[in-house]
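Protein chains in written order, with my numbering: chain C, 1005 to 1355; chain X, 1005 to 1355; chain P, 1005 to 1355; chain E, 1005 to 1355.
Built from N, CA and C at the ideal position, the CB exists for glycine as well.
Note that the structure is predicted; figures quoted are calculated from it, not measured.
Structure first, then comments.
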């Protein structure tokens, strides 16, 4: 049994890691780290875990933890892991970081968007961006996995085949994303109160959201050049789920004609046909967040708009699963040579 | 007292007309038309009206109704009014049509998008598109007002000043709109069941939604040319509210520089400063649907994205008020010379 | 114009007072008191008030306020008003207190349930319990009105006629109440976060909720004796609304037979037939919170259960209107001799 | 592998059976029966099953099905199974019936409450009421299992230990239950539309709900006598979950004193300590539906109200899992000698 430690086990992503790992056949959780709830029973923080988890929350001593477990998940605030990570720790234990600390290769971009000084830029280069469907082979060999953000996983996978195949102009890409409220975390803030979110829709972080450079970097690799995109997140009155609606101009083919729906579908099939967790929906069927809830699936589809020469791409995932804990476990499965779907082969729950 | 008849009084828009008109000081409702509930007490269909409305639902005999009232609101399916409207009726009574029958000037565009034959195209020309803030003067003199759609009211008013002033390229306009479920009507359909909508987000009608040509026509007038836009509606798990997030490329000024946020704000102020029902929010504040719920307000704002040369515009309204019944009453107020805000001077309800 | 001051204007009940008073024809709000937001524009705290309220929040100096206005609403934490109220203030200004400080006549009961020392018990005797339908005449002459709690208004009015007429045994009364989350206030607490409340139902304060003694006292007056009841509040995933389902054993009539549905209906009609804001629904129709949302109505009904000899009573109201701000304004209307319905003659909003 | 057929696979309970059985290691689903969707791909009816279920829906030919599978789940309308069941079928295949047809031993009670003639009363006697925690041994030997209702499972398990041990007077039992909307099924009806249910609470079926006699029969067995109870179901704005709040008078002990909280807790522990799926929560912790969502758990607890001599009992479950499909699989596990928790050892999903 692989031994697992979680730092930040009492946030929503941490809670989801616990939910998934409890039913993973090859691991056992040895450490429920939580600065806020030290010595409190984990099942008192998340009562759904009553009689399922008997452990108490521990502090977040990463050095002690590195001796005790084989892999650490850090579901911690930005800058936390960067501030404590050392070569010694990395020599002892695999780390899957759910924060943004090692996602962006250009440290100045990180520091500009996150308004933080990066305390351990020496590890950025070796960190593997854990978008499994794109970087599977590198993940297998990594010591440090930068688990992608929720919006970014959805945004990238929705557009990836068309960018990669040069079917759309990536600089025309506009991403309008709608997220459930668990993405805002479990902190006690007025804007996240039930009565403020319920029966309400709003955009936030317009033109400034931190997931923007992450999307640009990754889709830039696919495009083979630097790109800029417009990304607008929205808060939706639901617990879970991200829906990304993405717009881009089609690039004429060599013969001057526009790519057809068949061309685009072929691109999606090329990259996702063998991917268990990316489902390219049938023609005419739009992704819905409810159809993937509780599961590790991303549902994607697209519609060509011949009148405007654009394509509308759509992707849906559960922000806590494929957008956070599920993908983190998928990365762990790759790191340890487990079946990639072990523990995350969850059937979406409907309704 | 002006006498009012409603055809289609038992749909959600019809119910909202009743809610508003009951507190309008210059009118009385004489006719609750409803094909589905003839002879049933209106307050049994909408129990919130218990002890407030004693009338029974009547059939939708428009000729009889034209003799009985001064103004008729038709909150009816597409094609209904076009199928029964006559010159004789229009000579007797003002009509405010909440359907799309007379919104689009080019009958072939109507017939293509609505997949219906238009039965009375002879009235299209004289019908006034009842977007009060834009066509106030024409509305005052109309016999027949085509009350705008919910998505269109929101989409147009959000972008109008920038299109009108030539600050954005209207052919780059992408409108990503999110609507509450009352917009889908009160028909008993599986996709509108609580368990199908709750905890769910989805796009629908992608590239084919009927409000698209209406937006293109009206913003085309503002632009002074024919335009095409991309419009994507989404269903959100809330009762009321539309949020439109709109994207367009800025047009460089004569001196080659890009318009600034100040330039854009000046355009919004130019058109909306005196408008009671359009609120241009302070810099940095995003519209939220909850802040306008139950009221006739449209809240708008924008953010310049210098990195991409685009502007992100946002608008929020209550789809049943400014998006339907409230604007219909605003049009009625204009038609009869009442205070434009009478009956619709409602304070948004929060939470 | 009567001048109004609000202390605690930025809680949800305070916000609802503002919503209602802005459309009241006989008053103007002169003071938006809020300890937490001093000097902040009120419309920044509640953006729905943008362009409707230009004032800034002021501190809660009640002595200064007493000189400036004719009536003060205190929507403040328990113990606040009791700690600052003086004879001098009461000589200058009417006070309508939305807290519990003066609701309970027996100060020891207050102190036991609220775990607070009462700082000004000398005013308890003269304070009038502002349940308008029961104490209308006393309210008119009061200086100090103790505005009833949200659960209590609903619970008492639902059972009052049957208790008053001796048709049920009040000591068998069990009240199972379900409340929307605005009742929990606008404080930033984890249990009130969207993701904790949404898709969830729970009881809380079981056997210990502070509204229990208030219900017992008031229904005890109706019964003509001391009574004890079981009261269980529940948190429901909705913004507004309280539904009280109440159970009691029927008391046999003098001839030994059980009271019939007709007997019970006659009792409801006796007390409520002339009451504008209490609607006794038709036989077989259950109250629903949505039918009274945004309005000052209480909808009540009942069903006799012949198998068990019990009656099931049901009542629904909007906790922020009839359960707080609306009833407070109703009391103000009584105090100042306005039409009792002025400003609160609101049509319920559906959906 | 045990072969499974489902009749009524496209209702919400049928969908949940599929979700659970797809991950059950000892069975395979051979028949997705659905009268409404014959020949349609199952994954088109429930898009969450895309790429998970390739089968089409079949008709509901139970005789053909009895030859093809080892066990049939019937998630069908009342009266359906009773109308087609034969000795021949029962000789070939085990049947787990999620309808009420064989739950009630007294056929006249069934016919009175369900207003249906029972077409095969000869099987009622042998049918085992599949409340696993109470009737585990009988289930193991059954041919025909009557799977309990959602409200009844929750209501009975919440009160069972106290009734069984004689600590409460069962004739004083009042059950106030709140259910998510999936309990109302997937039929297209106006009262189940999103806009009708959202932001709303209501009671329904007051004094007449069909689960009443089922509760009375089962708790009557525990009490050792016939009993009557008051049961009131409510519709809550959430997808899943039932919360039952139950009230009863305590029965004095032999020495004349009232049972204490310790006495009551001992009774709960006696019956549930070894039960995996019934969790008796720690003192002071109230069950919440969200804590059991997606799982087969029932969380129960209680609070003594010394002032009134009553106890308030509370129970929470997921109506589609322990209240329907999960318990049906638990019964199947018992029937076939599988691990009782196989396939239903699901961790509750939060949030």
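Let's test the definition: count the other Cβ atoms within 10 Å of the Cβ of residue 1052 of chain C and tell me whether it reaches 16, buried, or not, exposed.
What you label residue 1052 of chain C is simply residue 48 of the first chain in a count that begins at 1. With 16 or more other Cβ atoms within 10 Å, it is buried.
Three-state secondary structure (DSSP) of residue 1322 of chain C:
One-based indexing of the first chain puts residue 1322 of chain C at position 318. In this structure, residue 1322 of chain C counts as coil in the three-state DSSP scheme.
Pick out the complete alpha helix (DSSP H) segments inside the stretch 1190-1232 of chain X, 4 residues or longer, and give them in chain order.
1198-1201, 1215-1227
Give me the Cα-Cα distance between residue 1349 of chain E and residue 1296 of chain C, rounded to the nearest whole angstrom.
Sequence index remark: in the fourth chain, residue 1349 of chain E carries index 345 (1-based). Sequence index remark: in the first chain, residue 1296 of chain C carries index 292 (1-based). Between residue 1349 of chain E and residue 1296 of chain C, the C-alpha separation is close to 20 Å.
Closest residue to residue 1093 of chain C among C:1050, C:1069, C:1315 (Cα-Cα distance):
Within the first chain, residue 1093 of chain C is the residue found at index 89, counting from 1. Out of C:1050, C:1069, C:1315, the CA that lies nearest to the CA of residue 1093 of chain C is found in C:1069.
When DSSP labels each residue in this structure, what does residue 1280 of chain C get in the three-state scheme?
Start at 1 with the first residue of the first chain, and residue 1280 of chain C comes out as number 276. Residue state, collapsed to three classes: coil.
Start and end residues, beta strand (DSSP E) containing residue 1180 of chain P:
Within the third chain, numbered from 1, the residue matching residue 1180 of chain P stands at position 176. From DSSP, the beta strand (DSSP E) with residue 1180 of chain P extends over 1178-1183.
Own chain, CB closer than 6 Å to residue 1162 of chain C, minus 5 neighbours either side, in chain order
Position 158 of the first chain, counted from the first residue, corresponds to residue 1162 of chain C. Result list for residue 1162 of chain C: 1248, 1250, 1304, 1317, 1319, in chain order.
Examine the Cβ distances between the stretch 1272-1285 of chain E and the stretch 1228-1235 of chain E and report whether three or more of them are shorter than 8 Å.
With the cut-off at 8 Å, the stretch 1272-1285 of chain E and the stretch 1228-1235 of chain E do not touch.
Minimum length 4: unbroken alpha helix (DSSP H) runs contained in the stretch 1055-1143 of chain C:
1066-1072, 1084-1088, 1091-1096, 1111-1118
Return no unless some Cβ of chain X is closer than 9 Å to the Cβ of residue 1335 of chain P.
Indexing the third chain from 1 puts residue 1335 of chain P at position 331. Taking Cβ atoms only, chain X never reaches closer than 9 Å to residue 1335 of chain P, which makes this a no.
Can the beta-carbon of residue 1129 of chain C be found closer than 9 Å to that of residue 1206 of chain X?
Along the first chain, read from residue 1 onward, the residue named residue 1129 of chain C stands at position 125. Along the second chain, read from residue 1 onward, the residue named residue 1206 of chain X stands at position 202. The answer is no: Cβ separation not under 9 Å.
Assuming residue 1031 of chain P and residue 1005 of chain P make a contact with CB atoms under 8 Å, what is their CB distance in whole Å?
The residue you call residue 1031 of chain P lines up with position 27 of the third chain. The residue you call residue 1005 of chain P lines up with position 1 of the third chain. Right, the Cβ-Cβ distance comes to about 6 Å (below 8 Å), so this counts as a contact.
Quick test of the definition: if touching needs 3 or more C-beta pairs under 8 Å, does the stretch 1192-1202 of chain C touch the stretch 1254-1268 of chain C?
no
Cα-Cα separation, residue 1009 of chain C to residue 1150 of chain C:
Here residue 1009 of chain C is taken as the residue at index 5 of the first chain, counted from 1. Here residue 1150 of chain C is taken as the residue at index 146 of the first chain, counted from 1. Between residue 1009 of chain C and residue 1150 of chain C, the C-alpha separation is close to 16 Å.
If contacts are defined as beta-carbon pairs under 8 Å, then residue 1221 of chain E and residue 1294 of chain E qualify, I think. What distance do you get, rounded to the angstrom?
Stepping through the fourth chain from its first residue, residue 1221 of chain E is reached at position 217. Stepping through the fourth chain from its first residue, residue 1294 of chain E is reached at position 290. Not a contact, Cβ separation roughly 31 Å.
Counting only Cβ pairs nearer than 8 Å, list the residues of chain P close to residue 1262 of chain X.
Walking along the second chain from the start, residue 1262 of chain X turns up at place 258. Within 8 Å Cβ-Cβ: nothing; residue 1262 of chain X doesn't reach chain P, min ~29 Å.
Within the same chain, show all residues whose beta-carbon is closer than 7 Å to that of residue 1240 of chain X, passing over the 5 residues directly before and after it, in chain order.
Residue 1240 of chain X sits at position 236 when you count from the first residue of the second chain. Here the set comprises 1182, 1183, 1184, 1205.
Just to confirm, are residue 1321 of chain E and residue 1216 of chain E a CB contact at a threshold of 9 Å?
Mapped onto the fourth chain, residue 1321 of chain E falls at position 317. Mapped onto the fourth chain, residue 1216 of chain E falls at position 212. No; because the gap between Cβ atoms is not below 9 Å, this pair is not in contact.
Can you tell me the Cβ-Cβ gap for residue 1275 of chain X and residue 1164 of chain X, rounded? I've got them flagged as a contact below 8 Å.
Within the second chain, numbered from 1, the residue matching residue 1275 of chain X stands at position 271. Within the second chain, numbered from 1, the residue matching residue 1164 of chain X stands at position 160. About 6 Å separates the two Cβ atoms, so the contact holds.
Buried/exposed call for residue 1323 of chain X, threshold 16 Cβ in 10 Å:
Indexing the second chain from 1 puts residue 1323 of chain X at position 319. Looking at its Cβ environment, which holds 16 or more other Cβ atoms inside 10 Å, residue 1323 of chain X is buried.
Cross-strand partners of residue 1292 of chain X (DSSP beta bridge):
In the second chain, residue 1292 of chain X corresponds to position 288, counting from 1. DSSP, once it has assigned bridges, lists C:1206 as partnering residue 1292 of chain X.
Out of X:1119, X:1299, X:1012, X:1306, state which residue places its alpha-carbon closest to the alpha-carbon of residue 1269 of chain X.
To locate residue 1269 of chain X, count along the second chain from 1; it is residue 265. Measuring from the Cα of residue 1269 of chain X, the nearest candidate turns out to be X:1306.
Is the beta carbon of residue 1040 of chain P sitting closer than 9 Å to the one on residue 1078 of chain P?
In the third chain, residue 1040 of chain P corresponds to position 36, counting from 1. In the third chain, residue 1078 of chain P corresponds to position 74, counting from 1. Taking 9 Å as the Cβ cut-off, residue 1040 of chain P and residue 1078 of chain P do not qualify as a contacting pair.
Starting from the beta carbon of residue 1307 of chain E, find every residue of chain P whose beta carbon is closer than 7 Å, and list them in chain order.
Position 303 of the fourth chain, counted from the first residue, corresponds to residue 1307 of chain E. Against chain P, the beta carbon of residue 1307 of chain E has neighbours under 7 Å at 1210, 1211, listed in chain order.
Residues that residue 1249 of chain C contacts on chain X, provided the C-beta gap is smaller than 8 Å:
Counted from its first residue, the first chain places residue 1249 of chain C at position 245. The contacting residues are 1180, 1207, 1236, 1238.
Just how far apart, CA to CA, sit residue 1095 of chain E and residue 1075 of chain E?
Here residue 1095 of chain E refers to the residue found at position 91 when the fourth chain is read from its first residue. Here residue 1075 of chain E refers to the residue found at position 71 when the fourth chain is read from its first residue. Using only the alpha carbons, I get a separation of about 11 Å.
Alpha carbon to alpha carbon, what distance is there between residue 1272 of chain X and residue 1209 of chain C?
Against the first chain, residue 1209 of chain C aligns to sequence position 205. Against the second chain, residue 1272 of chain X aligns to sequence position 268. So the alpha carbons of these two residues sit roughly 21 Å apart.
Taking residue 1123 of chain C as the reference, give the member of C:1138, C:1146, C:1315, C:1090 with the closest Cα.
Indexing the first chain from 1 puts residue 1123 of chain C at position 119. The candidate whose alpha carbon is nearest that of residue 1123 of chain C is C:1090.
Can you tell me where the alpha helix (DSSP H) with residue 1019 of chain C in it begins and where it stops?
Within the first chain, residue 1019 of chain C is the residue found at index 15, counting from 1. Boundaries of the alpha helix (DSSP H) harbouring residue 1019 of chain C: 1016-1025, taken from the DSSP string.
Counting only beta-carbon separations shorter than 9 Å, does residue 1098 of chain E have a partner in chain X?
Stepping through the fourth chain from its first residue, residue 1098 of chain E is reached at position 94. Cβ-Cβ to chain X under 9 Å: no for residue 1098 of chain E.
Cβ atoms of residue 1148 of chain P and residue 1118 of chain P: under 9 Å apart, would you say?
Residue numbering aside, residue 1118 of chain P sits at position 114 when the third chain is read from its first letter. Residue numbering aside, residue 1148 of chain P sits at position 144 when the third chain is read from its first letter. Cβ distance not < 9 Å, so residue 1118 of chain P and residue 1148 of chain P don't count as in contact.
What does a CB cutoff of less than 7 Å around residue 1140 of chain X pick up in its chain, not counting 5 residues either side in sequence?
By one-based count along the second chain, residue 1140 of chain X stands at place 136. Correct list, in chain order: 1338.
Are the CB atoms of residue 1263 of chain X and residue 1308 of chain X nearer to each other than 9 Å?
Start at 1 with the first residue of the second chain, and residue 1263 of chain X comes out as number 259. Start at 1 with the first residue of the second chain, and residue 1308 of chain X comes out as number 304. Yes. Within cutoff.
Any C-beta of chain P under 9 Å from that of residue 1242 of chain E
Translated into positions along the fourth chain, residue 1242 of chain E becomes position 238. Yes - at least one Cβ of chain P is within 9 Å of the one on residue 1242 of chain E.
The stretch 1312-1329 of chain C: positions lying closer than 7 Å to chain E by Cβ:
none
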